[in-house]
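Q:
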Amino acid sequence: MALDDLFQPLTVRSLTVPNRFAMAPMTRQASPGGVPGRDVAEYYRRRAAGGVGLIITEGVRLPDPAAGFPASVPTIAGDEVLSGWTRVVDSVHAEGATIAAQLWHQGVERRDDDGVEPVGPSGIDGHGEPRGRALRTAELAEVAQLYATSAATARDLGFDAVEIHGAHGYLLDEFFWERTNRRTDGYGGSLAARTRFPAEVVAAVRAAVGPDYPIIFRFSQWKGTDYAASIAEDPTQLQELLTPLVDAGVDALHPSTRRHYAPGFPDHDSELSLAGWTKKVTGLPVIAVGSVGLETEFRSEKRGEVIAPAPVDRLVQQFDAGEFDVVAIGRALLADPTWVNRLRRDELDGFGGYDAAAALSKLA
Ligand SMILES: Cc1cc2nc3c(=O)[nH]c(=O)nc-3n(C[C@H](O)[C@H](O)[C@H](O)COP(=O)(O)O)c2cc1C
1 MALDDLFQPL TVRSLTVPNR FAMAPMTRQA SPGGVPGRDV AEYYRRRAAG GVGLIITEGV
61 RLPDPAAGFP ASVPTIAGDE VLSGWTRVVD SVHAEGATIA AQLWHQGVER RDDDGVEPVG
121 PSGIDGHGEP RGRALRTAEL AEVAQLYATS AATARDLGFD AVEIHGAHGY LLDEFFWERT
181 NRRTDGYGGS LAARTRFPAE VVAAVRAAVG PDYPIIFRFS QWKGTDYAAS IAEDPTQLQE
241 LLTPLVDAGV DALHPSTRRH YAPGFPDHDS ELSLAGWTKK VTGLPVIAVG SVGLETEFRS
301 EKRGEVIAPA PVDRLVQQFD AGEFDVVAIG RALLADPTWV NRLRRDELDG FGGYDAAAAL
361 SKLA
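1 is the number of the first residue of the sequence shown in UniProt numbering; add one for each residue after it.
1) What span of residues does the alpha helix (DSSP H) with Glu-200 cover, start to end?
2) Looking only at C-alpha atoms, which of Phe-217, Leu-10, Ala-208 and Leu-334 sits nearest to Ala-152?
3) Indicate whether the contact test is met: 3 or more Cβ pairs, each with one atom in the stretch 37 to 50 and one in the stretch 278 to 292, closer than 8 angstroms.
4) Looking at Thr-195 and ligand 1, is the gap between the Cβ and the nearest heavy atom below 8 angstroms?
5) Between the stretch 144 to 163 and the stretch 194 to 212, do three or more beta carbon pairs fall short of 8 angstroms?
6) Please tell me whether, using a cut-off of 8 angstroms, the distance from the CB of Ala-167 to the nearest non-hydrogen atom of ligand 1 is below it.
7) Using 9 angstroms as the threshold, is the C-beta distance between Gly-290 and Arg-258 below it?
8) Sort Phe-219, Ile-99, Pro-244 and Arg-331 by Cα distance to Pro-18 and report the nearest one.
9) If you draw a straight line from the alpha carbon of Phe-319 to that of Ala-161, how long is it in whole angstroms?
10) Could you give the residue range of the beta strand (DSSP E) that holds Glu-233?
11) Which residue wins for smallest C-alpha separation from Gly-128, given the options Ala-94, Arg-38, Gly-37 and Glu-109?
12) Run the proximity test for Ile-329: is its beta-carbon closer than 8 angstroms to any non-hydrogen atom belonging to ligand 3?
13) Are at least three pairs of beta-carbons, each pair with one atom in the stretch 30 to 42 and one in the stretch 320 to 335, less than 8 angstroms apart?
14) Among Glu-142, Trp-85 and Pro-65, which has the Cα closest to the Cα of Asp-114?
15) With Val-52 as the anchor, note down where its beta strand (DSSP E) starts and where it stops.
16) Per DSSP, what kind of secondary structure is Gln-29 in: helix, strand or coil?
17) Using DSSP with H/G/I as helix, E/B as strand and the rest coil, what is Thr-278?
18) With a 10 Å radius around its C-beta and 16 neighbouring C-beta atoms as the bar for buried, classify Asp-336 as buried or exposed.
19) Skipping 5 residues on each side, what residues in its chain have a beta carbon closer than 6 angstroms to that of Gly-352?
20) To the nearest angstrom, report how far apart Glu-117 and Ser-270 are at their CA atoms.
21) Quick check: Ala-275 and Gly-264, are their CB atoms within less than 9 angstroms of each other?
22) Kindly indicate which residue of Ser-220, Asp-4 and Arg-196 has the alpha-carbon position closest to the one of Ala-248.
23) Enumerate in chain order the residues of its own chain whose CB-to-CB distance from Arg-179 is below 6 angstroms, with the five nearest sequence positions on each side excluded.
24) Give the straight-line distance between the Cα atoms of Leu-15 and Leu-157, rounded to the nearest whole angstrom.
25) Under the rule that 16 or more other beta-carbon atoms within 10 Å means buried, what is Arg-136, buried or exposed?
26) Check this for me: beta carbons of Ile-76 and Glu-163, under 9 angstroms apart or not?
27) Please state whether the Cβ-Cβ distance between residue 365 and Gly-34 is less than 9 angstroms.
28) Straight-line CA distance for Gly-78 to Ala-2?
29) Which same chain residues end up closer than 6 angstroms to Lys-279 when comparing Cβ atoms and leaving out the 5 residues on each side of it in sequence?
30) Relative to the C-alpha of Tyr-170, which residue among Leu-245, Leu-348 and Arg-111 is closest?
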């Protein structure tokens, strides 16, 4: 098994990714007034030129005041915003890469510095504390429609796919998670009920984009407020969680993990990653992610701590075992836009690890 196999194309509906490397979605807050400028287009173009086959944009705020904060997170409505995205899409395509827009509603995790009240399934945040308000049942279809019209806009702009952000404790994940979903109207309670609204969002998006346009869905066990959280305790629950999404029209799944090599359910298999389990229980193409090419932590109290990077060999081994189809790279690509080409040319030193902390502050 050689690294070369990761440089073979993959087709999912109308999307053909030229290789198996994606740029992970990363919020940069560098789009004043929600408008992605020339610097943002250039930032993505550099990663495309550096060998990435699929760019997944930073989370894009749905065009509703409650959906996101701050204003420097790009949105997807208005002439100036849309021409900004056209420039981004054209720049990435000119380098031979593809690009998906990540659609984001922050739910009750939305900051409210501007006085806009956050909304979520129950008005309860990731710590289990009251925050914002619960969406009324009648409002849910409107929120699903926001995703749908934004997805159709992305398609019309030339994006090759959309990714629905259902991870990390934001709106759709708040529906999945028992801690944040206390609803009694058929959208909370059992796992099937908690999956219902995210599946309705997928169905609305599918209806808006047509049968051949690829829909990626990102989910996670961990939350921004709780790294140890989980929404599926075992492979059976994972299947129960994902099947309604697949039935509603998802084409590829993107389980967000902090370490690509960590076992998804250690009690059931000492090695198989969450990506591997996701493929196993759905049969769909899967994007793996988490700490590829990294040497140090960057968050909070762990900042700078060495995390013993897994060699790229481990990644290749997982690919060979059929655990994933595409791997997303986040922080290593902030640190070095040419990381994929350097990997291909065998020019990475040692494990190819980077301290990405320094790269986070600038849009380079
Ligand atoms: C600065 C930064 C911003 C991020 N923003 C998003 C985001 O907008 N949407 C999302 O789904 N994940 C976001 N993430 C998570 C990344 O997509 C990725 O899953 C994570 O960084 C792990 O991959 P890595 O170890 O290769 O960096 C962000 C991560 C970083 C470092």
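Think of the CB as a built atom: it goes at the ideal place given N, C-alpha and C, for glycine as much as any other residue.
Quick caveat, the model's predicted, so the values are computed rather than measured.
A: Concretely, from the data shown:
1) Residue 200 sits at position 200 when you count from the first residue of the sequence shown. 191 to 209 is the span of the alpha helix (DSSP H), which, as asked, contains Glu-200.
2) Position 152 of the sequence shown, counting from 1, holds the residue named residue 152. Nearest C-alpha to Ala-152: Ala-208.
3) no
4) To locate residue 195, count along the sequence shown from 1; it is residue 195. No, ligand 1 has no heavy atom inside 8 angstroms of this Cβ.
5) yes
6) Counting from one through the sequence shown, the residue named residue 167 turns up at place 167. Flag set: Cβ of Ala-167 near ligand 1.
7) On the sequence shown, residue 290 is found 290 positions in, with the first residue counted as 1. On the sequence shown, residue 258 is found 258 positions in, with the first residue counted as 1. Cβ distance < 9 angstroms, so Gly-290 and Arg-258 count as in contact.
8) In the sequence shown, residue 18 corresponds to position 18, counting from 1. Among Phe-219, Ile-99, Pro-244 and Arg-331, the Cα nearest to that of Pro-18 belongs to Ile-99.
9) Reading the sequence shown from its first residue, position 319 is the one you call residue 319. Reading the sequence shown from its first residue, position 161 is the one you call residue 161. Whole-angstrom Cα-Cα distance: 23 angstroms.
10) If you number the sequence shown from 1, residue 233 lands on position 233. That residue, Glu-233, is in no beta strand (DSSP E); it is neither H nor E in DSSP.
11) Numbered from 1 along the sequence shown, position 128 holds the residue referred to as residue 128. The shortest C-alpha separation from Gly-128 is found at Glu-109.
12) No copy of ligand 3 appears in this structure; the ligands present are ligand 1.
13) no
14) Counting from 1 along the sequence shown, the entry for residue 114 is found at position 114. Comparing Cα-Cα distances from Asp-114 to each of Glu-142, Trp-85 and Pro-65, the minimum goes to Pro-65.
15) Position 52 of the sequence shown, counting from 1, holds the residue named residue 52. Segment: none, Val-52 is in no beta strand (DSSP E) and carries neither H nor E.
16) Along the sequence shown, one-based indexing puts residue 29 at 29. Gln-29 falls in the coil class under three-state DSSP.
17) Mapped onto the sequence shown, residue 278 falls at position 278. The answer is helix: DSSP assigns Thr-278 an H, G or I state.
18) Your numbering for residue 336 matches position 336 in the sequence shown. Buried is the call here.
19) Start at 1 with the first residue of the sequence shown, and residue 352 comes out as number 352. Low confidence applies to Gly-352: its pLDDT is 49, below 50, so where it sits in the model is not reliable, and the reading given next is rough at best. So the qualifying residues of the chain are Gly-293.
20) Your numbering for residue 117 matches position 117 in the sequence shown. Your numbering for residue 270 matches position 270 in the sequence shown. Near 44 angstroms, if we compare the C-alpha coordinates of Ser-270 and Glu-117.
21) Your numbering for residue 275 matches position 275 in the sequence shown. Your numbering for residue 264 matches position 264 in the sequence shown. Against a cut-off of 9 angstroms, the Cβ pair of Gly-264 and Ala-275 comes out as a contact.
22) Working through the sequence shown from its first residue, we reach residue 248 at position 248. The residue with the shortest Cα to Cα distance from Ala-248 is Arg-196.
23) For this step, residue 179 is matched to residue 179 along the sequence shown. Excluding positions up to five away in sequence, the list reads Gly-128.
24) By one-based count along the sequence shown, residue 15 stands at place 15. By one-based count along the sequence shown, residue 157 stands at place 157. In a straight line, the C-alpha of Leu-15 is about 15 angstroms away from that of Leu-157.
25) What you label residue 136 is simply residue 136 of the sequence shown in a count that begins at 1. Result: exposed.
26) Taking the sequence shown and counting its residues from 1, one reaches residue 76 at position 76. Taking the sequence shown and counting its residues from 1, one reaches residue 163 at position 163. Result no, Cβ atoms of Ile-76 and Glu-163 do not sit closer than 9 angstroms.
27) Limits of the chain in this structure are 1 at one end and 364 at the other, which puts residue 365 out of reach.
28) Start at 1 with the first residue of the sequence shown, and residue 78 comes out as number 78. Start at 1 with the first residue of the sequence shown, and residue 2 comes out as number 2. If I take the Cα positions, the gap works out to 46 angstroms.
29) Your numbering for residue 279 matches position 279 in the sequence shown. The residues are Val-286.
30) On the sequence shown, residue 170 is found 170 positions in, with the first residue counted as 1. For the residues Leu-245, Leu-348 and Arg-111, the minimum Cα distance to Tyr-170 belongs to Arg-111.
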